Structures are given as structure tokens and as C-alpha cells.
Amino acid sequence: MTGCTPRISVPFSERQGQPAMDKSFWKAIIAADYAIPADRTTADLTPELLEFLGAPDPELRDDIAYSILAQWIIRGVYTPDDQRALIPQMTHNLSNGLGERNTNSVFLRSFSTLVLAAIVYRDNHQPFLTEPEVRGVMDQTLHYFAEEQDLRGYVPDKGWAHSCAHTADLIDELALHRFLGASDLERLLWAVADKVLAPSGTILLYDEDERLSVAVVSALRRDLLSRSFFESWLGKLAGFMERTPRHTIFSDANNHSAYLNTKNLLRSAYLRLSRAEDIPDSVRDIIPLVLATYGKFTF
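With the first letter of the sequence shown counted as 1, position 162 gets the number 179 in my numbering; the numbers rise by one all the way through.
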């Protein structure tokens, strides 16, 4: 299934006309356990799937495009070279409309992070990427995560945007990667802290804290992070309560969102760590610190 060379596609919202293949064509592929029709190749089908990633129609974007792309990546239908060729377009997509809020551009950005997560997942299980390639994905992911302003979860009539949760999935895969060491894991966790502390005015309501906590725990499982780093990380989260006047936490929308998003991350991380059976003793020892930090967010 070679020869998949993606092109930089026009965002779906700017396309003219109708898809080359209707939904029934794609649904038939899914029903056939993602088998490629005998008269088609990935090179034929991939460009349209990539364009669907930005579609405001959730069936095209999520049920069809992401579902098929992810399965073809994870199952190795795409060759290593095919997957490598997808990375530049996916990272390019992260800048599409970046900084906008409440527009359809978020769909292409958000679902491109999921495709990248699938590629890194595949590489975590069947290595093929080089260290510079992985580091490039990490750098562009962290830049995107810091700049993403559209934090909507489920959008009526358009389905999942979920940029924070989808990026958390990518950060989780990066946190597990063999090429990334302690300093890289620190960068990933600082990015998570910055996101929940950001004065976004958006309360993350759709289990984003759970997805972020998965990434945090994956980084800790590597047993590369020092206790002093994690204490500093928790201190940064706790600093919100130390510098924010209590009476503004609920009256100011930006403070309210930072308060709840940070509190929910701490709670999710504590519960996930407390239930984990296969974490290093060094990680188990810091669980009380997580609980103590969470306690600072209670009244």
C-alpha cells in the first residue's frame, strides 16, 4: 500500500463542490474492517480523507476520516514512508486558523493532532521514526498547544472539537517515546500546567482533565522525572491559589476557568495515580503531594 504522498489540502470550509466519493463508499470500507477496495489504493483515497479532517460534518470528520486514517496507521496499512509523509501536512494543519475562537478551523487543527498521535503510537510499537522527526513533532505540538484558543469540547450539530483532549492524547504518546528524556518530559508537563492555568475563560467540561491526567501519569511512569521537578510542577499549580484573591475566583471568568481546570486536573491525576498498580515506588511516594496540592483548591 505504498505511494501515499499527501498534498497540502485546502481547508474543507473553503472547498467547492461535493466529495468525490459519497459517504456510503467510506462506510463500506469501515464495514469491511477497513479493507481497501480492490480497485483503489491509499494514494487514491488519502487526499480526500485528509480534507475531511476539517469538515464541519462530524460523520465525515470523525466517523469516516479519522476512523479510517487511524486504523490504516495503527494496522500498518500505511508503510513507514507513507506515515512519515503524513507528518508535514499534519503539523502544517496545526497553524490553520490558529488563534481563532469559535470557528470551524478548529476541526482541522484538532483532528490533525489525533492523526499525529496515531503515528507516534505506531512508532512506539513498531519503531520507524528518527529522533529529529519525533522532536520536530514534539516542538510543533507544544507550540500549537500553547497557542490554541478554541477550547470547545462538543459543538452542537458539528460534533467534537476537543482540541485540548486530542492534544493530550498526542502528548501522552510523546511522553512514552523512547527518544524523549527527562528534560523533554518536563517540557510536556509544563505545557500541561500552562494550559490549565491559562486565563482562557473556558471551563473544560468534557473530560479534558482525564485525558491530560493520562499524559501526566505516562510521563511519571517513565521514572525519569526528579522529585524536585514534580514538586516545582505542583508548586506552579498551587501558585494560582496563592496569588489569586479568593473573591475573584468565581466573579472573574478567567480566574474561574483557571481554578476549575487546574483543580480538576489535580483530582484526576490523584485518582489515576492512586488506582495505578504498576507505577514506580518513587512515583507512589509523591501521591500525597498531589492530594495536598488539590487540598489548596478547596474552600
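We put the beta carbon where it would ideally sit given N, CA and C, even for glycine.
None of these values were measured; they are calculated from a predicted model.
Residue 311 carries a helical assignment under DSSP once its states are collapsed to helix, strand and coil.
In this structure, residue 308 sits away from residue 276, with a CB-CB distance that is not shorter than 7 Å. Rounded to whole angstroms, the separation of the alpha carbons of residue 170 and residue 123 is 11 Å.
Around residue 168, the same chain offers 180, 181, 217, 219 and 221 as residues with beta carbons nearer than 7 Å, after the five sequence neighbours per side are excluded. With three or more CB-CB distances shorter than 8 Å, the stretch 287 to 303 counts as touching the stretch 235 to 249. Three or more Cβ pairs drawn from the stretch 146 to 164 and the stretch 189 to 198 lie within less than 8 Å of each other, which places the two stretches in contact. Assigned with DSSP and collapsed to three states, residue 176 falls in strand. The Cβ-Cβ distance between residue 208 and residue 162 falls below 7 Å.
A straight-line Cα-Cα distance of about 46 Å links residue 94 and residue 273.
By the Cβ rule, the stretch 134 to 148 does not count as touching the stretch 36 to 52, because fewer than three pairs are nearer than 8 Å. Here residue 119 is exposed, its C-beta having fewer than 16 other C-beta atoms within 10 Å. Sequence-distant partners of residue 300 (beyond 5 residues in either direction) whose C-beta falls short of 6 Å from its own C-beta, in its chain, are 237.
For residue 97, the uninterrupted alpha helix (DSSP H) segment begins and ends at 97 to 110. Counting C-beta atoms within 10 angstroms of its own C-beta, residue 114 has 16 or more neighbours from the protein chains shown and is therefore classed as buried. The alpha-carbon of residue 271 is positioned some 44 Å away from that of residue 51. Of 253, 262 and 269, the smallest CA-CA separation from residue 311 is found for 253. Bounds of the alpha helix (DSSP H) holding residue 149 are 148 to 164. By a beta-carbon distance limit of 8 Å, residue 205 contacts residue 232. Their separation comes to about 7 Å. Secondary structure at residue 51: coil, using DSSP grouped into helix, strand and coil. In its chain, beyond the 5 residues on either side, 272 have a beta carbon closer than 8 Å to the beta carbon of residue 265. Boundaries of the alpha helix (DSSP H) harbouring residue 273: 270 to 292, taken from the DSSP string.
Setting aside the 5 residues that flank it on each side, residue 138 is surrounded in the same chain by 91 and 190, each with a C-beta closer than 7 Å to its C-beta; the list follows chain order. By DSSP's assignment, residue 171 forms a beta bridge with 177. In the assembly as shown, residue 259 is an exposed residue. Its beta-carbon has fewer than 16 other beta-carbons within 10 Å.
Around the beta carbon of residue 71, a 10 Å sphere encloses 16 or more other beta carbons of the protein chains shown; the residue is thus reported as buried. Taking the CA atoms as reference points, residue 263 sits about 30 Å from residue 116. Distance between residue 261 and residue 267, taken at the CA atoms: about 11 Å.
Under the three-state reduction of DSSP, residue 118 is assigned to coil, being neither helix nor strand.
Of the candidates 215, 248, 49 and 112, the residue whose Cα lies closest to the Cα of residue 85 is 49.
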